[in-house]
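S.K.:
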Amino acid sequence: MRIRLRKCSLIVKTFILVGLFMITYMVVELSVSSFSSLEKEDHTRNRWERDLHATEEKVEDLSRPLYIKPPPNPNAPGEWGKAAHLQLNSAEKKMQEESIEKYAINIYLSDQISLHRHIQDNRMYECKSKTYNHRKLPTTSVVIAFYNEAMSTLLRTIHSVLETSPAVLLREIILVDDFSDKVFLKSQLANYISSLERVRLVRTTKREGLVRARLIGATYAIGDVLTFLDCHCECVNGWLEPLLERIGENETAVVCPVIDTIDWNSFEFYMQTGEPMIGGFDWRLTFQWHAVPEQERQRRRSRIDPIRSPTMAGGLFAVSKKYFEYLGTYDMGMEVWGGENLELSFRVWQCGGTLEIHPCSHVGHVFPKKAPYARPNFLQKCINE
Ligand SMILES: [Mn+2]
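The numbers in the numbering used here rise by one with no breaks, and the one at position 227 of the sequence shown is 211.
Here it is as structure tokens:
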């Protein structure tokens, strides 16, 4: 009996042990399999995310500029296009005054502002959300003529173009030095430029004036579109695509960005966020800004459609190289600057083209305190020739 009982309890104990073992095994197995299935799920999710990311990267890649701006420094003067005010002692104030006297721009301050500063993008939301097929857009050469420009404003213009233009669209920047006599614009500038990709420097052998300097630059251009910029500008992200898309659609369209004001004294970037102004002129053939007429407002289907403009301010515009040549380019007899913008504007409208301002393309321009250099014999030449 005793032996039987012992046998029985032994069997029960064995069953319990085996049972416990099986339960432990099942628990462990379950937990392991659920972990591995979780892992699998995670893996697929990750992969999907990565795939999505890869596609996003592909889209981004095409809009990616040649150089990426360093991260913004909110403590740096002028970051995000805000007004910069420096605490200066009397000696520094004197240097600041001298720079304003010399350049009609506060170059003392410009020298303290990053060449790579970010500009707050306050464009209309339709502009920001618009996507482009970069593969289908024409490419461009950016032509920047300068004469005795300060180093920091010139370099900021160059960096700004390199850091906001998609690399696939920007063939090159052609700098044309119109026979400047400032020493730093010689080897110092040439050395600086030599470290930058896709930037070339051309020098004229005598003073040519804005018109001929630009045309000399244009002869080197390999892009489909010529984009002329002034030498103290800052481009806002997405400035280039709207211009090129429009010219891709219609090769006879000459397209200007909205010209935002950069304050000559504080370097504050004032973005024109509403409806842009269009160009006109008065009886003295002086360029003027006008509100968009009702007829033009009604013709446009959306507020991001390009706006037809009778004239352009002249400093900043994009034109198909082929169409520019068809137009006969600029009037080569024009001296220094002024008037060429109206002459070209009339020519565009008279030769079957359109002149437009694109509300999604924004470029800032430093409007100097006064005209920075003299135009000797300017009026005399106007009358005599
Ligand atoms: Mn200017």
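For each residue, glycine too, the CB sits at the ideal point set by N, CA and C.
(1) May I have a chain-ordered list of the alpha helix (DSSP H) segments no shorter than 4 residues that lie completely inside the region 166 to 211?
(2) How many angstroms separate the CA atom of Met318 from the CA atom of Gly298?
(3) Inspect the beta-carbon positions of Leu228 and Pro241 and report whether they are closer than 8 Å.
(4) May I have a chain-ordered list of the alpha helix (DSSP H) segments no shorter than 4 residues that lie completely inside the region 253 to 319?
(5) For the region 68 to 87 against the region 302 to 310, do three or more pairs of beta-carbon atoms, one drawn from each stretch, fall closer than 8 Å, so that the two count as touching?
(6) Can we count Gly322 as close to ligand 1, meaning its CB is less than 7 Å from some heavy atom?
(7) For Leu138 and Arg283, I'd like the C-alpha separation in whole angstroms.
(8) Please list, in chain order, all residues of the same chain as Pro352 whose beta carbon is under 6 Å from its beta carbon, the five residues on each side excluded.
(9) Flag this pair as yes or no: are the beta carbons of Leu154 and Val126 separated by less than 8 Å?
(10) What's the C-alpha gap between Leu121 and Ala68?
(11) Only counting the same chain, and skipping five residues up and downstream in sequence, which positions put a Cβ closer than 6 Å to that of Glu192?
(12) Consult DSSP for Glu218 and reduce its assignment to one of helix, strand or coil.
(13) Just to confirm, does Asp214 get its C-beta within under 7 Å of one of the non-hydrogen atoms of ligand 1?
(14) Identify, in the order they occur along the chain, each residue of the same chain with its Cβ nearer than 6 Å to the Cβ of Ser345, setting aside the five sequence neighbours on each side.
(15) On the DSSP bridge list, what partners appear for Ile89?
(16) I think Ile158 touches Tyr204, with their Cβ atoms under 8 Å apart; what is that distance to the nearest whole Å?
(17) Assign Phe330 to one of three DSSP states: helix, strand, or coil.
(18) Since Pro343 and Met108 are thought to touch, with beta carbons under 8 Å apart, how far apart are those beta carbons, to the nearest angstrom?
(19) Would you call the CB atoms of Gly258 and His274 closer than 8 Å?
(20) Check whether the Cβ atoms of Leu50 and Glu233 sit closer than 8 Å, and answer yes or no.
(21) Using the C-alpha atoms, what's the distance from Asp45 back to Ser18?
(22) Taking 7 Å as the cut-off, is the CB of Gly298 close to at least one heavy atom of ligand 1?
(23) Give me the DSSP bridge partner(s) of Cys240.
(24) Going by Cα to Cα distance, which pick from Ser144, Ile128 and Val152 is closest to His118?
(25) Exposed or buried, what is Ile206 when buried is set at 16 or more other beta-carbons lying within 10 Å of its beta-carbon?
(26) Give me, in chain order, the residues of the same chain whose beta-carbon lies closer than 8 Å to that of Ser20; leave out the 5 immediate sequence neighbours on both sides.
(27) Could you compute how far the alpha carbon of Leu213 sits from the alpha carbon of Leu300?
(28) Give a single yes or no on whether His349 has its beta carbon closer than 7 Å to a heavy atom of ligand 1.
(29) Looking at C-alpha atoms only, which residue of Thr123, Glu156 and Val220 is the closest neighbour of Val186?
(30) Alpha carbon to alpha carbon, how far is Ser329 from Pro290? Give it in angstroms, no decimals.
(31) Does the Cβ-Cβ distance between Asp105 and Lys114 come in under 8 Å?
(32) Taking buried to mean at least 16 other C-beta atoms within 10 Å of its own C-beta, is Val167 buried or exposed?
M.R.: Looking at the coordinates:
(1) Counting whole runs of 4 or more residues, the region 166 to 211 contains the alpha helix (DSSP H) stretches 171 to 178 and 194 to 203.
(2) In this structure, the CA atom of Met318 is about 13 Å from the CA atom of Gly298.
(3) Against a cut-off of 8 Å, the Cβ pair of Pro241 and Leu228 comes out as no contact.
(4) Within the region 253 to 319, the runs of alpha helix (DSSP H) at least 4 residues long that lie entirely inside it are, in chain order, 278 to 283 and 305 to 310.
(5) Contact fails: fewer than three Cβ-Cβ distances are below 8 Å.
(6) The beta carbon of Gly322 sits no closer than 7 Å to any heavy atom of ligand 1.
(7) Within the model, the alpha-carbon separation for Leu138 versus Arg283 is close to 39 Å.
(8) Answer for Pro352: Ala88, Ile89 and Trp248, listed in chain order.
(9) Against a cut-off of 8 Å, the Cβ pair of Val126 and Leu154 comes out as a contact.
(10) One C-alpha to the other measures close to 37 Å.
(11) Apart from the 5 residues on each side of it in sequence, Glu192 sits with its Cβ closer than 6 Å to the Cβ of Asp162 in its chain, given in chain order.
(12) Reduced to three states, the DSSP call for Glu218 is strand.
(13) Yes, ligand 1 has a heavy atom inside 7 Å of this Cβ.
(14) Only Trp223, Pro226, Leu227 and Pro241 meet the Cβ criterion.
(15) Residue pairing for Ile89: DSSP places it in no beta bridge.
(16) The beta carbons of Ile158 and Tyr204 sit about 5 Å from each other, so the pair counts as a contact at 8 Å.
(17) Reduced to three states, the DSSP call for Phe330 is helix.
(18) Their Cβ separation, rounded to whole angstroms, is 7 Å, which keeps Pro343 and Met108 in contact under 8 Å.
(19) By the CB criterion at 8 Å, Gly258 and His274 fall outside the cutoff.
(20) The answer is no: Cβ separation not under 8 Å.
(21) With a pLDDT of only 42 at Ser18, under the threshold of 50, the placement of this residue in the model should not be trusted; the figure read from the coordinates follows. Answer to the nearest angstrom: the Cα atoms are 39 Å apart.
(22) Ligand 1 never approaches Gly298 closely enough for any of its heavy atoms to be under 7 Å from the residue's Cβ.
(23) Answer is Ile341, bridged to Cys240.
(24) Distances from the CA of His118 to each of Ser144, Ile128 and Val152 were compared; the closest alpha carbon is that of Val152.
(25) Sixteen is the threshold: since fewer than 16 other Cβ atoms of the shown chains lie within 10 Å of the Cβ of Ile206, the residue is exposed.
(26) At Ser20 the pLDDT is 40, less than 50, meaning the model places this residue with poor confidence; the figure from the coordinates comes in the next sentence. Contacts found: none.
(27) So the alpha carbons of these two residues sit roughly 5 Å apart.
(28) Yes, since a heavy atom of ligand 1 falls inside the 7 Å radius drawn around the Cβ of His349.
(29) Considering only Thr123, Glu156 and Val220, the residue with the shortest C-alpha distance to Val186 is Glu156.
(30) In a straight line, the C-alpha of Pro290 is about 16 Å away from that of Ser329.
(31) No, they are not a contact pair.
(32) It counts as exposed.
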